[in-house]
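Here is the structure we will look at.
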Amino acid sequence: MSEPFLPRHPVVAVHPKMPEALEEARDIAGFLGEKGLETATGSLYDEVLRKRLKSGEFDLLIALGGDGTMLRAGHLCGPADVPILGINLGRLGFLI
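Counting from 0, one number per residue, gives the positions in the sequence shown under numbering that gives the first Met the number 0.
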């Protein structure tokens, strides 16, 4: 049996035009911080966050938003081999 995946360096990323997502991201980061996980937050469109993600600094991306956010997260995380946990805050939620 394989070992369970336990993230050590997660990042919570949001769509920049969803203000409610940023508040949720801060709540999630606070919760994870209480569990001993230093968690970054930011926008999927932030170039600094994207570079940090591509460099391997994070081992899990928690994406808050809608289907577009998930598509963007997949585009960024696929090449870096970083798993994504999606939380739907959009309308349809077809991908989440």
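C-beta: ideal position from N, C-alpha, C; glycine also. Since the model is a prediction, treat every value here as computed from it, not as a measurement.
Query: According to DSSP, simplified to helix, strand and coil, what is T38?; Result: coil
Query: Just to confirm, is the Cβ distance from V11 to L75 under 9 Å?; Result: no
Query: Quick check on the DSSP output: what are the complete alpha helix (DSSP H) runs of length 4 or more inside the stretch 40–83, in order along the chain?; Result: 46–53 and 66–79
Query: Are the beta-carbon atoms belonging to G41 and V47 less than 9 Å from one another?; Result: yes
Query: Around the Cβ of P78, are there at least 16 other Cβ atoms within 10 angstroms (buried) or fewer (exposed)?; Result: exposed
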